[in-house]
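Structure record follows, encoded as structure tokens.
Protein chains: 2
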Amino acid sequence: MTVLSSLVAPGVWKLRLGEPEAAVPSALRQTNPSLDALSALGDPGSCPISTDQVGFDVSARGVRVFLPLGDEEQIYGLGLQLRGFNHRGGKRTLRVNSDPTVFLGDSHAPVPFYVSTAGYGVLVDTARYLSYYFGATRLVSAGTDQQDENRALTVSAGIPEYFTSGSQSAEIEVPVAQGVDIYVFSGPTALDAVRRYNLYSGGGPLVPRWGLGVWYRAHGKSTQAEVEALASDLRETGVPCDVIGLEPGWQTRTYSNSHVWNKTAFPNPKGLADGLASSGFRLNNWTHAFTHPESPIYEDLVPLSGDHEVWHGLVPDFTIQKTRDIYSDFHAKTHVDAGVSGYKLDECDSSDFLKAYWSFPETSRFPSGLDGEQYHSVFGLLYQETIHSIFQKRDQRAYHLVRNSHAFAASYPFVLYSDLYDHDEFIRGVPSAGFSGLLWTPELRHAVSREDLLRRLQSIVFSPMAHVNAWYIKNPPWKQYNVDSNNSGSFSPEAEELTSEARDILEWRMRFVPYLYAAFTRYRLDGTPPFRALALDWPGDERTHSIDDEYMMGDRLLVAPMVASRPERDVYLPVGAWRDFWTGDLFEGGASYHVAPDVTRIPLYVKEGSIVPLARVTPHSGDPAALRLTARVFGDGHLAAELWEDDGLTLAAGQGDANRVTISWDATRAEAVLAREGAHAGDRYDLIGTERVG
Amino acid sequence: MTVLSSLVAPGVWKLRLGEPEAAVPSALRQTNPSLDALSALGDPGSCPISTDQVGFDVSARGVRVFLPLGDEEQIYGLGLQLRGFNHRGGKRTLRVNSDPTVFLGDSHAPVPFYVSTAGYGVLVDTARYLSYYFGATRLVSAGTDQQDENRALTVSAGIPEYFTSGSQSAEIEVPVAQGVDIYVFSGPTALDAVRRYNLYSGGGPLVPRWGLGVWYRAHGKSTQAEVEALASDLRETGVPCDVIGLEPGWQTRTYSNSHVWNKTAFPNPKGLADGLASSGFRLNNWTHAFTHPESPIYEDLVPLSGDHEVWHGLVPDFTIQKTRDIYSDFHAKTHVDAGVSGYKLDECDSSDFLKAYWSFPETSRFPSGLDGEQYHSVFGLLYQETIHSIFQKRDQRAYHLVRNSHAFAASYPFVLYSDLYDHDEFIRGVPSAGFSGLLWTPELRHAVSREDLLRRLQSIVFSPMAHVNAWYIKNPPWKQYNVDSNNSGSFSPEAEELTSEARDILEWRMRFVPYLYAAFTRYRLDGTPPFRALALDWPGDERTHSIDDEYMMGDRLLVAPMVASRPERDVYLPVGAWRDFWTGDLFEGGASYHVAPDVTRIPLYVKEGSIVPLARVTPHSGDPAALRLTARVFGDGHLAAELWEDDGLTLAAGQGDANRVTISWDATRAEAVLAREGAHAGDRYDLIGTERVG
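Chains as they are written, first to last, in our numbering: chain X, 3 to 696; chain L, 3 to 696.
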């Protein structure tokens with residue numbers, strides 16, 4: 003059958019195989035590609051996959067596709083993958099599932115995009131639960147090779163490690179569909195392919211500066227007074243915080259939801275928001291989309307919802323504009339008008355893995371014509387659109403949490419999170435999400451020890467969102483990490499010392515806000531993920547290919563988080579010269595180093611020659627003092643820092659109202675100097691000092 | 003849409019929904035229903051599910067079916083389920099998978115049959131990977147109920163335990179198909195429904211008496227001389243054994259297979275088999291179906307195989323008679339002529355769960371028109387047919403091992419096994435398999451301690467096959483259970499004592515052979531599973547509904563295996579009077595008892611009043627002394643024992659050449675007495691004594 007190829011954007015080709023379904027991500031997306039930015043990425047070359055390398059056929063099962071796969075290619079992506087990293091040799095099926103226990107492809111946020119170390123990316127434009135076999139299958143017609151020794155004679159104990167050699171294809175199956183479009187993104191490097199995918203998705207999000215501060219969620223049963231007391235306590239103990247989150251107790255009905263303020267617990271929502279704002283806090287409200295019969299919008303939603311209930315609530319069909327309007331209008335006037343700055347969108351995923359199944363089944367039917375499988379794929383993304391449109395209409399930035407996402411997600415300012423809690427998996431999520439236009443927070447909830455508390459705090463500081471999700475503990479975990487003791491109000495004898503240690507760690511988040519803000523701006527402008535795997539920056543270095551416990555934060559910093567159960571670890575530093583961020587010690591890259599850092603210090607490395615701007619620590623990011631910077635100069639300072647100035651709050655920066663700031667080393671004056679381009683007239687960075695290291 | 007109902011056998015109705023696919027289990031089966039036995043089961047009543055209770059519709063996804071489900075119904079079956087037991091509230095997808103890590107429905111042997119405690123069974127006649135939601139979904143049209151409290155206020159810590167109340171259906175989705183036949187099996191009890199399903203499958207298998215003895219597999223690298231030495235060692239140490247198994251080393255090529263004897267390692271296969279036979283051993287050969295290019299049948303199989311290789315071998319399409327003939331003829335003349343008495347059919351399942359995917363993908367195409375999904379479902383069963391036909395043609399019984407099975411499997415004399423090894427799961431497999439016409443062995447491979455060795459040995463003795471699968475240890479595990487030490491020939495200082503303890507346990511298998519043989523005969527004649535969950539015999543007793551670590555062996559014995567990690571356990575005894583088999587202590591049923599038995603004794607209970615015949619211990623079941631029985635009489639002996647005499651080797655018993663033997667209590671003579679009906683003239687049981695207990 004014929005494959006039709008067309009160039010749809012610079013470096014982006016669409017291959018049409020058969021007759022695709024109507025309800026696919028490219029048709030349902032509510033965002034536009036960043037075409038100018040794609041043009042600016044440079045010569046895309048020709049399509050990395052030629053039409054004659056593509057095989058496909060269709061059957062009652064769906065579409066079967068064969069794409070080329072070289073022997074050395076390693077494959078990453080497919081959305082947030084907590085259970086594994088490199089897909090080579092595996093079978094993955096992209097199902098929406100919140101509690102995967104194995105590396106099968108199930109995910110909060112599966113994305114049918116993968117990237118190869120050979121320097122190209124592939125998006126399969128489907129909302130189906132497609133399957134991939136990456137070099138794990140072989141057609142009979144492929145002929146024989148030499149891998150046929152008597153395996154029995156090589157097995158001494160245990161189950162033989164099965165393998166399939168000689169496969170030369172990525173075999174993909176899209177169920178149900180009788181055709182599919184495949185988008186191919188050119189390199190030349192893997193990182194370029196990811197950039198193109200992100201820009202084709204619309205580029206990274208415009209995040210508010212306050213979103214990069216520290217987040218703290220109150221206990222689910224908290225009343226308004228208790229939330230206000232919490233805010234006071236955070237300021238009194240000097241723990242920085244920009245956002246306070248409410249959990250289900252703010253609604254009259256939850257699981258499913260009324261979406262209505264519980265005025266018994268929260269008698270004056272606007273008063274709460276205003277009061278918090280006066281201390282520099284934003285308010286973020288938990289919710290989910292399943293709508294209880296008591297909700298004022300229930301009746302309007304009945305004809306606009308799926309045929310199955312979830313927890314006795316409706317599942318609104320957000321593919322329909324009218325549904326999104328009803329939903330967002332109600333949320334706007336009920337919550338955002340009262341001062342809510344963003345949401346935590348819970349349970350828009352699904353779970354096959356818990357004891358009792360929950361969410362709408364894949365068998366569901368929606369008024370738009372989508373079925374449950376298709377709708378699971380796009381539900382989270384359209385829920386993001388529905389909610390975020392409220393803020394966009396108000397020329398207001400926001401930063402939110404969400405539990406499900408999919409293709410073309412990059413431009414939504416939403417960070418994924420999970421009810422899972424394995425720290426290794428939570429760390430892996432950071433680089434994993436970065437392959438396919440997603441952001442992830444390894445949130446802190448509780449801890450089992452001081453070490454666990456501090457190690458998890460370090461992980462959130464060096465992630466897209468520094469989120470303390472204390473929804474089931476009444477007091478901050480640094481006062482008592484044991485859940486039961488915490489809830490009974492019994493604080494640890496070490497509470498003061500732990501608070502001090504926690505504050506020290508969170509203060510580093512505040513220092514890095516300008517650096518992070520620049521990394522997010524770059525994500526928006528050229529598609530470079532602010533947090534990403536080493537395999538993206540060093541695809542030619544095989545030793546990076548399986549590293550899922552280290553990642554780049556921006557362009558200069560390599561983060562190698564620790565987990566409490568292992569006080570020592572190996573850190574691989576890719577080729578080049580590096581310095582320990584804390585001590586300034588110099589390391590030659592291309593080698594592994596064994597480290598046993600003190601529990602108060604996360605292993606953090608910086609490229610030799612970097613200038614890293616650090617902000618003054620403030621209680622929240624809106625404090626004007628947060629704009630005062632010290633330049634930490636490593637070695638000869640030949641790698642200047644790039645920062646961005648804009649209002650941090652409105653959409654104006656998206657229209658170019660921003661300054662590009664460079665901090666470079668002036669050898670003559672022997673100090674760092676700041677230069678800016680642009681006409682933004684608002685708050686500006688102030689370089690108040692230089693620290694030389696090494 | 004209309005549901006068409008027809009009575010296809012006594013107590014078995016077929017509901018036709020839409021237009022079913024051609025390649026379904028009922029069309030591909032090679033066996034016939036036992037119609038006479040179904041008639042003999044008694045009044046089946048009317049169909050437990052009326053057509054107006056059935057809802058269905060079709061879409062591009064497949065068929066969606068709604069069947070009634072009462073609030074109190076508990077659901078079991080769906081084949082071998084090692085990860086869980088009761089399906090109520092869950093979603094299950096029946097995929098063929100050898101290494102499931104969660105209770106999602108994946109299984110070596112998924113069977114689309116379930117049974118309800120309400121007393122009926124349902125088979126969905128499909129080879130697709132169908133999904134079931136058992137009371138886990140709810141349509142919006144179902145209306146509201148009272149389960150809508152503010153859940154957030156009830157959650158103190160941890161993830162809320164989600165639930166769906168008010169569901170009144172089993173929702174089933176069969177992918178791809180545009181229609182499906184559903185077979186409904188009547189009760190009145192759940193056990194009756196299982197019996198009807200088994201009889202509709204053809205009834206239980208005709209097993210050779212030797213199959214119920216002890217099995218021992220030699221190390222995978224063993225040579226002929228080493229296997230002969232092993233046999234001698236077993237006889238010298240007095241460990242009973244009927245069957246010795248060979249692992250891959252007997253073939254010239256494996257993974258994939260040549261199916262040809264490796265004459266270097268096994269210079270004289272017939273000499274080996276004859277020599278073993280002279281000591282009372284049968285020979286069982288490991289193999290799998292994937293056929294290596296070096297195999298003499300490779301070229302003939304090319305046009306009769308799927309389009310994907312597995313380990314560089316062909317996947318023969320066993321739905322085609324010619325394929326089965328080529329395959330079985332070659333095996334017959336190459337192995338069975340040499341004296342092979344049966345096979346271990348490995349890897350006819352699949353694995354998504356290991357690090358590297360293996361087996362043919364679901365995307366495969368077969369010359370018969372089946373795709374990989376359909377063929378995975380029927381592959382194991384048709385492989386069983388292919389292999390077992392060799393023996394049937396020779397008027398010879400056999401007993402085999404297999405790694406995959408499906409619907410209508412009951413009459414095949416194959417026992418499932420697994421590379422998994424969790425002892426709790428292995429125990430659960432025994433009652434789990436019994437719900438849907440399957441047999442399972444919790445095989446012993448190695449052990450981590452004396453306790454582990456003895457507990458696992460006890461589990462295999464009280465299972466469908468007492469299989470010691472020592473394929474990766476060179477010497478019997480009772481000489482050294484540590485794998486490395488065993489393979490280096492370093493025996494345990496306790497080897498002699500452990501051998502004695504192991505022998506004592508395995509000798510109990512030999513004592514129970516007549517009892518087991520009767521239970522298997524009953525399985526064949528009236529469909530009663532020889533090993534089954536308490537929930538089948540006591541469906542009205544709620545306390546049995548989740549018991550997956552106890553089971554009935556035959557009609558008299560309740561087995562409650564121990565695992566080494568827990569030296570104590572609770573044993574629930576259903577309503578009625580029971581005795582401890584070992585001590586004769588009397589227990590009132592309807593209650594749980596805490597037990598802490600010595601590691602040499604498995605908790606075993608017998609219905610008060612039972613007569614249990616025990617055979618004399620012999621080195622193998624073919625020893626004439628094995629027919630000498632002692633009747634162990636518990637209490638008043640009012641529950642007579644039923645035994646069966648036949649030749650134990652040919653198919654003649656299937657034609658009625660058998661005696662029904664009753665051992666009952668003669669109060670006058672104060673001893674057990676034997677009576678027989680039938681004209682079988684061969685070997686007969688000899689009642690040589692009575693032991694009274696209690």
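Note that CB positions come from ideal geometry on N, CA and C, so glycine has one too.
Review point. Is there at least one Cβ from chain X nearer than 8 Å to L:G81's Cβ?
Key: no
Practice item. For L:D454, count neighbouring C-beta atoms within 10 Å of its own C-beta (all shown protein chains included) and say buried if the count is 16 or more, exposed if not. Key: buried
Point to revise | Rounded C-alpha distance that separates L:D59 from L:I184 | key: 14 Å
Review point. With C-beta atoms as the reference, is X:V113 less than 8 Å away from X:L440?
Key: yes
Exercise for review: Residues of the stretch 85 to 100 of chain L with a CB closer than 7 Å to any CB of chain X: list them in chain order, please.
Suggested key: G91, G92, K93
Practice item. Answer yes or no: does any C-beta atom of chain X fall closer than 8 Å to that of L:V5? Key: no
Check your understanding: By DSSP, does L:W212 sit in helix, in strand, or in coil?
Key -> helix
Practice item. Have a look at X:R140, X:D424, X:S203, X:V56 and flag the residue whose alpha-carbon is nearest the alpha-carbon of X:D528. Key: X:S203
Review point. Count the other CB atoms within 10 Å of the CB of X:V470; is the residue buried (16 or more) or exposed (fewer)?
Key: buried
Point to revise | Reduced DSSP category for L:I161 - H, G, I as helix; E, B as strand; rest coil | key: For L:I161, the predicted model reports a pLDDT of 34, less than 50, meaning its position is unreliable; a value from the coordinates is still stated below. In this structure, L:I161 counts as coil in the three-state DSSP scheme.
Check your understanding: Taking only runs of the alpha helix (DSSP H) that begin and end inside the stretch 179 to 223 of chain L, which ones reach a length of at least 4 residues, in chain order?
Key -> 192 to 202
Exercise for review: Spatial neighbours of L:G700 within its chain, please: CB distance less than 6 Å, with the 5 preceding and 5 following residues excluded, ordered by chain position.
Suggested key: Since the first and last residues shown for chain L are 3 and 696, residue 700 of chain L lies out of range.
Exercise for review: Confirm, please, whether the CB-CB distance from L:R603 to L:W584 is below 8 Å.
Suggested key: yes
Review point. Rounded C-beta distance between X:T119 and X:P541? I'm assuming under 8 Å.
Key: 4 Å
Exercise for review: Counting only the same chain and skipping the five closest in sequence on each side, list residues whose C-beta sits under 7 Å from that of X:R211.
Suggested key: V515, Y519, S623, G650
Exercise for review: Flag L:Y687 as yes when its Cβ comes closer than 7 Å to any non-hydrogen atom of the ligand GTP, and as no otherwise.
Suggested key: No copy of the ligand GTP occurs in the structure displayed, which carries no ligand at all.
Review point. Would you call the CB atoms of X:S100 and X:D426 closer than 8 Å?
Key: no
Review point. Can you find a C-beta in chain X that's less than 8 Å from the C-beta of L:L446?
Key: no
Point to revise | Alpha-carbon to alpha-carbon, L:Q460 and L:L508 | key: 8 Å
Point to revise | Same chain only: Cβ atoms within 6 Å of X:I389, ignoring 5 sequence neighbours per side | key: Y345
Exercise for review: May I have the straight-line CA-CA distance separating X:L208 from L:L384, to the nearest angstrom?
Suggested key: 59 Å
**Study point:** Cross-strand partners of L:A617 (DSSP beta bridge)
**Key:** L:L631
Check your understanding: Counting only beta-carbon atoms, is L:P269 nearer than 8 Å to chain X?
Key -> no
Point to revise | Cβ contact check for the stretch 316 to 327 of chain L and the stretch 365 to 378 of chain L: 3 or more pairs under 8 Å | key: yes
Review point. The stretch 190 to 218 of chain X: which residues have C-beta closer than 9 Å to a C-beta of chain L, in chain order?
Key: none
Practice item. Check each residue of the stretch 288 to 309 of chain L: if its Cβ is closer than 8 Å to any Cβ of chain X, include it; give the result in chain order. Key: H294, P295, E296, V304, S307, G308, D309
Exercise for review: Return the chain-ordered list of same chain residues with a C-beta closer than 6 Å to the C-beta of X:I300, the five sequence neighbours on each side being excluded.
Suggested key: The amino acid occupying residue 300 of chain X in the given sequence is Tyr; Ile does not appear at that position. T293, listed in sequence order.
**Study point:** Sheet register partners of L:R534 (DSSP bridge)
**Key:** L:M554
Check your understanding: Counting contacts by CB-CB distance shorter than 8 Å, is L:E311 in contact with chain X?
Key -> yes
Review point. Can the beta-carbon of L:M555 be found less than 8 Å from the beta-carbon of L:F464?
Key: yes
Review point. X:F332: which of X:P298, X:G47, X:E349, X:V485 sits nearest, CA to CA?
Key: X:P298
Check your understanding: Taking Cβ positions only, does L:F514 come closer than 8 Å to chain X?
Key -> no
Exercise for review: Output yes if chain X places a C-beta closer than 8 Å to the C-beta of L:F355; else output no.
Suggested key: yes
Check your understanding: If we count the other Cβ atoms within 10 Å of its Cβ and call it buried at 16 or more, is X:D38 buried or exposed?
Key -> exposed
Review point. What residues in its chain sit with their C-beta under 6 Å from that of L:V342, if we drop five residues either side in the sequence?
Key: L285, N287
Point to revise | Distance between L:V338 and L:S548 (C-alpha atoms, nearest Å) | key: 44 Å
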